[in-house]
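Asks: Can you read through this structure? Questions will come right after.
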Amino acid sequence: MEQFINSRENPEEYSIIPGSTGWRSPSNIAIIKYWGKHGNQLPRNPSLSFTLTSAYTETRIQYKPIADNISPAFSFRFEGVENPAFSSRIQKYLSHLEPYFPFLGKVDLAISSGNSFPHSSGIASSASAMSALAFCLCSMEAAFTGKEDSGPDFLRKASFIARLGSGSACRSVYPGIALWGRQDQVHGSSDLFALPMGHILHPVFGDFRDTILLVSSGQKKVSSSAGHSLMDNNPYATIRYQNAGKRLSRLIDVIEAGDLNEFGNIAEAEALELHALMMASSPPFILMLPDTLAIIHALHKFRADTGYPVYFTLDAGPNIHLLYPARLVSEVNRWLEAEIAPLIEGRIEDAIGKGPVKISSEFASH
Ligand code: DP6
13 MEQFINSREN PEEYSIIPGS TGWRSPSNIA IIKYWGKHGN QLPRNPSLSF
63 TLTSAYTETR IQYKPIADNI SPAFSFRFEG VENPAFSSRI QKYLSHLEPY
113 FPFLGKVDLA ISSGNSFPHS SGIASSASAM SALAFCLCSM EAAFTGKEDS
163 GPDFLRKASF IARLGSGSAC RSVYPGIALW GRQDQVHGSS DLFALPMGHI
213 LHPVFGDFRD TILLVSSGQK KVSSSAGHSL MDNNPYATIR YQNAGKRLSR
263 LIDVIEAGDL NEFGNIAEAE ALELHALMMA SSPPFILMLP DTLAIIHALH
313 KFRADTGYPV YFTLDAGPNI HLLYPARLVS EVNRWLEAEI APLIEGRIED
363 AIGKGPVKIS SEFASH
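According to the numbering used here, the residues represented by the sequence shown are 13 to 378, in order.
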C-alpha cells in the first residue's frame with residue numbers, strides 16, 4: 013500500500029487544470045471466487061476471473077479546480093438522473109481515496125455513468141462501475157502530473173484504487189484473465205491489486221463465451237458486503253480459504269495446458285462451494301432457485317449426451333453463467349432455445365474481453 017502513498021506526488025506539485033475524462037470498463041466473472049475479506053478490502057483468498065466484453069460501465073468526469081474543500085466535491089448522475097444510493101457510496105469511496113489522490117479536496121467533479129446492461133438484471137455492476145471510476149480518477153491524476161494514462165504502473169494503481177471501491181473491480185483492469193491475491197506460485201501476486209494473467213491463457217480459452225442465463229432479475233437477497241462478512245463466523249472458513257488456494261494453483265496449470273474438461277470440473281466445484289458456504293452461514297442463505305438447479309441438471313445431461321465442453325459458474329445469486337468455446341455458439345443456442353428458454357427471464361451474451369478502454373469524455377446528457 014505504501015508504494016501508492018509514497019508514489020503520490022506532493023500536493024504542491026499538482027497542477028489542477030479543468031478538463032474531462034471518460035473510461036469504459038467491463039465486468040468480470042470469477043472462476044475462483046473472492047468470498048471473505050478483512051481489513052481495508054483485503055481478500056481472504058486469491059481469486060481469478062475472466063474479463064468480459066459486453067457487460068460494461070461507461071463513466072465520464074468533468075473536473076475543475078476549487079478552493080480547498082473538507083470532503084471531495086462532486087455531483088453524480090446515473091443514466092442521466094441523480095441517484096442518491098450510488099451518490100452516497102461514491103461519497104464514502106472518494107473520502108477514503110484522499111491519501112492516494114491529494115487533489116481530491118481541490119477539485120469539483122461532475123460524474124456521469126451508465127451501464128450497457130439493465131441495472132435490475134441481476135448482473136453485478138460494482139466491478140465495472142468501480143473500475144471505470146478508478147480509471148477516470150487515475151487519468152485525472154496523470155493529467156495533473158503531466159504523465160501518461162497508460163502503462164503498467166498506471167494499470168496497477170487503477171487496480172489498487174478499484175479494489176478499494178469493490179474487491180472484484182480490481183480484476184476488471186486487465187484483458188483476458190486476472191489474478192487478485194497472494195498466490196505463492198505467481199511472482200508479484202498481491203492482496204493489494206490484481207495482476208494480468210493473459211499470458212497463461214491457452215488458445216482454447218481465447219474466444220470463450222459467457223452466456224448469462226437470467227433465472228431471476230430481482231434485487232440481490234444478500235449484498236456482497238454482507239455476504240463477505242458472513243464468512244467471519246462460517247465454520248468452514250479455514251478449510252475454504254485453503255481449498256481456494258489449492259484449486260487456483262491447479263486451475264493455473266489447467267488454463268495453461270488448455271484442459272477444458274478439468275477447467276469445467278474446477279469452475280463448477282468452485283461455484284457450488286460458494287453456494288454451500290452461504291447455506292452454511294448464520295443466518296443461512298439459499299440463493300439458488302429451483303430453476304437454477306433445473307438448468308444445472310439439464311446442462312449435465314446436455315454434456316453427457318453431446319460431449320460438448322459447456323460448463324457453468326454462479327455468482328452470489330440464482331443466475332447461471334455458461335462458459336464454452338465460441339465454436340459451440342450455434343449448438344448451445346439451439347439447446348437453450350429448445351430446453352432452457354421457458355426457465356429463464358432472458359439472457360445476456362458475453363465473451364472474454366480486452367479490458368477497459370478510454371472513451372470520449374463528452375457527456376451524453378447534462
Ligand atoms: C461472489 O467484489 O462485489 O462475485 O468487495 O464487497 O464490493 P465487495 O464485494 P464484491 O464481491 C464479489 C463476490 C463474487 C465473487 C467474485 O467476483 O470473486
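The C-beta atom is built at its ideal place from N, Cα and C for all residues, glycine as well.
All values reported here derive from a predicted model rather than from experimental measurement.
1. With a CB to CB cut of under 8 Å and the five nearest residues on each side skipped, what residues in its chain are close to E357?
2. Considering only the alpha carbon of each residue, which of F205, D196, I189 lies closest to A174?
3. Quick one: using the 10 Å Cβ neighbour count with 16 as the cut-off for buried, is S377 buried or exposed?
4. On the DSSP letters alone, give me the boundaries of the beta strand (DSSP E) that L272 sits inside.
5. How far does the alpha helix (DSSP H) with G177 in it extend, from its first residue to its last?
6. Evaluate the contact criterion for the region 144 to 156 versus the region 42 to 49: three or more CB pairs, one atom per stretch, below 8 Å.
7. Looking at the structure shown, is R194 part of a helix, part of a strand, or coil, going by DSSP?
8. Just the residues with CB closer than 5 Å to a heavy atom of the ligand DP6, in chain order, which are they?
9. Looking at the structure shown, is F147 part of a helix, part of a strand, or coil, going by DSSP?
10. State the Cα-Cα distance for the pair I352 and A256, rounded to the nearest angstrom.
11. What three-state label does DSSP hand V369 in the structure shown?
12. Sort out for me which residues DSSP pairs P58 with in a bridge.
13. Three Cβ pairs or more, each shorter than 8 Å: is that satisfied between the region 164 to 184 and the region 135 to 147?
14. Helix, strand or coil: how does DSSP classify H378 here?
15. What are the boundary residues of the beta strand (DSSP E) that F324 is part of?
16. How about N40 and T63: do their beta carbons lie closer than 8 Å?
17. In angstroms with no decimal places, state the Cα-to-Cα distance between S178 and F375.
18. Pull up the DSSP beta-bridge partners for A85, would you.
Replies: So, from the listed chains and residues:
1. Here residue 357 is taken as the residue at index 345 of the sequence shown, counted from 1. The residues are L226, V227, S228, S229.
2. Mapped onto the sequence shown, residue 174 falls at position 162. Closest option to A174, Cα to Cα, is F205.
3. The count along the sequence shown starts at 1 and reaches residue 377 at position 365. With a pLDDT of 48 at S377, under the threshold of 50, the predicted position of this residue should be treated as unreliable, though the coordinate-derived value follows. Counting Cβ neighbours within 10 Å, S377 comes out exposed, since fewer than 16 surround it.
4. Position 260 of the sequence shown, counted from the start, is the residue given in the question as residue 272. Annotation for L272: no beta strand (DSSP E) segment contains it, though the alpha helix (DSSP H) segment containing it runs 272 to 291.
5. Here the question's residue 177 lines up with position 165 in the sequence shown. First-last of the alpha helix (DSSP H) with G177: 164 to 177.
6. no
7. Within the sequence shown, numbered from 1, the residue matching residue 194 stands at position 182. R194: coil per DSSP, three-state reduction.
8. A42, K45, Y46, S59, S138, S178, G179, S180, S236, S237, D327, A328
9. As a first step, residue 147 must be located in the sequence shown, where it is residue number 135. Here F147 sits in helix by DSSP.
10. In the sequence shown, the residue the question calls residue 352 occupies position 340. In the sequence shown, the residue the question calls residue 256 occupies position 244. About 31 Å.
11. As a working note, residue 369 is residue 357 in the sequence shown. If DSSP states are grouped into helix, strand and coil, V369 belongs with the strands.
12. Along the sequence shown, one-based indexing puts residue 58 at 46. Per DSSP, none; premise fails for P58.
13. yes
14. Taking the sequence shown and counting its residues from 1, one reaches residue 378 at position 366. Any answer about H378 is weak, because its pLDDT of 40 lies below 50 and its placement is not dependable; what the coordinates show is given next. Of the three classes helix, strand and coil, the one that applies to H378 here is coil, per DSSP.
15. Numbered from 1 along the sequence shown, position 312 holds the residue referred to as residue 324. Looking at the DSSP string, the run of the beta strand (DSSP E) that includes F324 is 323 to 326.
16. Taking the sequence shown and counting its residues from 1, one reaches residue 40 at position 28. Taking the sequence shown and counting its residues from 1, one reaches residue 63 at position 51. Cβ atoms of N40 and T63: closer than 8 Å.
17. Translated into positions along the sequence shown, residue 178 becomes position 166. Translated into positions along the sequence shown, residue 375 becomes position 363. Approximately 25 Å, taken between the alpha carbons.
18. Locating residue 85 in the sequence shown gives position 73, where the first residue counts as 1. In the DSSP output, where bridge partners are listed per residue, A85 has D120.
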